[in-house]
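Numbering-wise, the sequence shown is residues 413 to 874 according to this note's numbering. Idealized CB from N, CA, C, for every residue including glycine.
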Amino acid sequence: MKAAFRFDGIDLARGLAIVGMVFAHLGPTGFDGGVVADYTSTAFAGYPSALFAVLAGVSLGLFHERGADDPVRTRLATLVRGVILLVAGTLMSMVQSTIAIVLSTIAVIYLLLFWLPRCKTWVISVVIAVLATVSSVGFVLVDLVPFGFELFMPPYPVLAWLTYGAVGVLVHRFLVGNTKAQAIAVVPALLLAAVGFVIRVNNAAVFPYDPLADYTEPQFDKEPLVQLLLTQSFEPHTGLFGDLLASITCAIAVICLCCLLCQVRWANILAYPLRAVGAMALTTYVAHVFIAGFFMLGGIPLDAGKTFDISGTGPVQYSRVEPAEGSVHESTESENAAETDKPEKPDEINKPAKPDEPDPSFQRYQKIIQEADTWQEYDELTAEFWDGKSNGWVLGDDEFDPDELDVKDAGQIHNWATAAWNALGLIVFAAVWKAFFRRGPLEWVVARLINKAVLRKEVSMQ
C-alpha cells in the first residue's frame, strides 16, 4: 500500500476525533435532572478523546519509524513535543474552565511512553495489561493511593490514557499500512464496539448519571464491588475494564475503516476536508476549545438569562419569566414580612440571604454537621441537603427555579445546530489553510521548536 494512503487514513481518523469532541462539548447532553439515556449523546461521550489518545500512540510509532536511523534524537524530539503539549494544555486550562483539556494527558503519553515503540510486542502487551488492570482497580481503591484522584478519576484518568497510547503503538505496528490486517480486525472491533455502546446506553437509562455526585465520596464504599463494576465499568472516562474495552475497540474500528476508505480514490478526495482537520489537529483542537468556551460561557445568544453549570459538561442558559399577577409565585411585602417569623422550611434553604442576614443555606449545612453522629448519618443528611439545593440554584442576586422556566424561549447552548456550525467552521478553515500550507500554524510552531532544540533544522510551513 502506498504511504500516502496510510497517512491519509490516520489524518481522517484524527479529524473525526476532533469533530467528535466538538459534538461532545456542544451537542445535546441528554441532561434532564440527571438522566442521560440518549443514543446520540452516548455516541460522543468518551469515544472521541479515547480515539485521540490511541492516535497519539500511533503517532509515537510513526515518529520512531521515520527516525529509525537516529533513535536517540527521535526520543528527545518526542520528549520535547510532550513538554510543549503539556505547557500548552496547562495554559489552556488556566485561561478557560469550561472544557477539560485532553492535551495535557496526551502530553503525558509522549513523556512516559517515548521508549515504548522500540520494545518488543510482548513487552508492549504486558505494559497494556498492567496499565489496564491498575487503572480499573485504582478507580475502586482511589482513596488508598497517593495522587489517586489524578491517576484514576475522570475526566481523563492518566493510567487509562496511557493504556490507550500503548494500544496505539500496537495499532501502528500491526494495522497501519497493512490492508489485510485492517480488513480482518475491523469486523471483531466493530462487533465489540457495538456491544460496549449498547451497554453504555442501557446503563445510562437504568443507572441515571448524577451530575452532583462526587466519585471520591464515600457512597461508593456502600455499594458491593460487583455491583459497582457492573454499573460503572462501561461508563465513559472511568478507565475501568468495560470503558477501556468499548473505547479501544471503537478506536480500532474507526482507524481501520478510515485507512480502508482512503484507499478508494474518490472517497479519499471527498474526505479531504476532514483529513485537513486531522492533519492540523493541534490547531483545530485549540481553536475549538476557545470557540466552544465562548459559546459555553454564554457569549451566544446574548439575550439569554443567567448562565450556570450543574452537570460539568458546560453551562446551560435559560431565560427567566416574571410570575404573572396573582400567580402562586407572586408575594407581597406584607406576606414576605410574615414569612420571616415562621420557622425555616426545607424548600427555603435555597433562598438567597439578605445582605444583613446570614445565609440560611450555610446555617442549615452547619446544623447538619452538628446533628450527624456517624459518617452514614452525615452522608444521608448531606445528600438530602444537596438534592434540595439542586432544585433551586442561587445565582448571585437571582435564583433559578425550575417552575419559572420559559421552556419555549429558553436558549440552550447544547444543541445540534451549535455543534454543527462549530464543526463546519473548523472543517472549512482547515480545508482552506491546507490548500495553501503544508502545516497548520501551531504544528509549524511545534515543529520549529523541536527542530531548534533537537534536530537543528529549519522548518517551512509550505
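Mark residue 428 as exposed unless 16 or more other C-beta atoms lie within 10 angstroms of its C-beta, in which case mark it buried.
buried
Note the first and the last residue of the continuous alpha helix (DSSP H) segment covering residue 531.
No alpha helix (DSSP H) holds residue 531; DSSP gives it neither H nor E.
Buried or exposed (CB count within 10 angstroms, at least 16 for buried), residue 493
With 16 or more Cβ atoms within 10 Å of its Cβ, residue 493 is classed as buried.
Own chain, CB closer than 6 Å to residue 855, minus 5 neighbours either side, in chain order:
692, 694
Does the beta-carbon distance from residue 580 to residue 424 come in below 8 Å?
In this structure, residue 424 does not lie closer than 8 Å to residue 580 by Cβ.
Closest to residue 675 by CA distance: which of 597, 606, 589 is it?
589
Can you have a look at residue 431 and say buried or exposed, based on whether 16 or more other CB atoms are within 10 angstroms of its CB?
buried
Quick one: is residue 655 buried, meaning 16 or more other Cβ sit within 10 Å of its Cβ, or exposed?
buried
From residue 449 to residue 645, what distance separates their C-alpha atoms?
At residue 449 the pLDDT is 41, less than 50, meaning the model places this residue with poor confidence and gives no usable figure here.
What residue does the alpha helix (DSSP H) around residue 469 start on, and which one ends it?
459-478
Continuous alpha helix (DSSP H) stretch holding residue 862: start and end:
853-862
Among residues of its own chain, excluding the 5 on either side of residue 567, which ones have a beta-carbon nearer than 6 Å to its beta-carbon?
Only 512, 649 meet the Cβ criterion.
Between residue 543 and residue 517, which are expected to be in contact by the criterion C-beta below 8 Å, what is the C-beta distance as a whole number of angstroms?
Contact flag wrong, Cβ pair sits at about 13 Å.
Under DSSP, the alpha helix (DSSP H) around residue 875 begins and ends at which residues?
Within the shown structure, residues of the chain are numbered from 413 to 874, placing residue 875 beyond reach of any answer.
Please report the residue range of the alpha helix (DSSP H) in which residue 578 lies.
570-586
Within 8 Å, strictly: CB atoms of residue 651 and residue 572:
yes
Same chain only: Cβ atoms within 7 Å of residue 524, ignoring 5 sequence neighbours per side
574
What does the Cβ neighbour count give for residue 783, buried or exposed, with the cut at 16 atoms within 10 Å?
So residue 783 counts as exposed.
Could I get the ranges of all uninterrupted alpha helix (DSSP H) runs contained in the region 486-553, with 4 residues as the minimum, in chain order?
515-524, 533-552
Classify residue 582 as buried or exposed, calling it buried when 16 or more other Cβ atoms lie within 10 Å of its own Cβ.
Label assigned to residue 582: buried.
By Cβ distance below 6 Å, which residues in the same chain neighbour residue 858 in space, the five residues on each side in sequence not counted?
496
Would residue 657 and residue 608 be called neighbours here (beta carbons separated by less than 8 Å)?
In contact: residue 657 and residue 608 (Cβ atoms closer than 8 Å).
Would residue 843 and residue 697 be called neighbours here (beta carbons separated by less than 8 Å)?
no
Whole angstroms are fine: how far does the CA of residue 475 sit from the CA of residue 605?
28 Å
Boundaries of the alpha helix (DSSP H) in which residue 661 is found, first to last residue
653-673
Using the three-state DSSP reduction, which class does residue 609 fall into: helix, strand or coil?
helix
Name the residue from 483, 550, 828 whose alpha carbon lies nearest to the alpha carbon of residue 875.
Residue numbering for the chain in the displayed model covers 413 to 874; residue 875 lies beyond these limits and cannot be assessed.
Beta carbon of residue 597, beta carbon of residue 662: below 8 Å?
no
Just reading off the alpha helix (DSSP H) that residue 680 is part of, what are its end residues?
677-682
Length of the line joining the Cα atoms of residue 550 and residue 462
19 Å
Contact set for residue 486: own chain, Cβ-Cβ below 7 Å, skip 5 residues either direction:
Cβ within range, chain order: 475, 476, 479.
Between which residues of its own chain and residue 472 is the CB-CB distance below 8 Å, once the five residues before and five after are set aside?
490, 521, 522, 525, 526, 528, 529, 577, 580, 581, 584
Does DSSP put residue 433 in a helix, a strand or coil?
helix
Using three-state DSSP, classify residue 690 as helix, strand or coil.
Of the three classes helix, strand and coil, the one that applies to residue 690 here is helix, per DSSP.
How would you call residue 677, buried or exposed, if buried means at least 16 neighbouring beta carbons within 10 angstroms?
exposed
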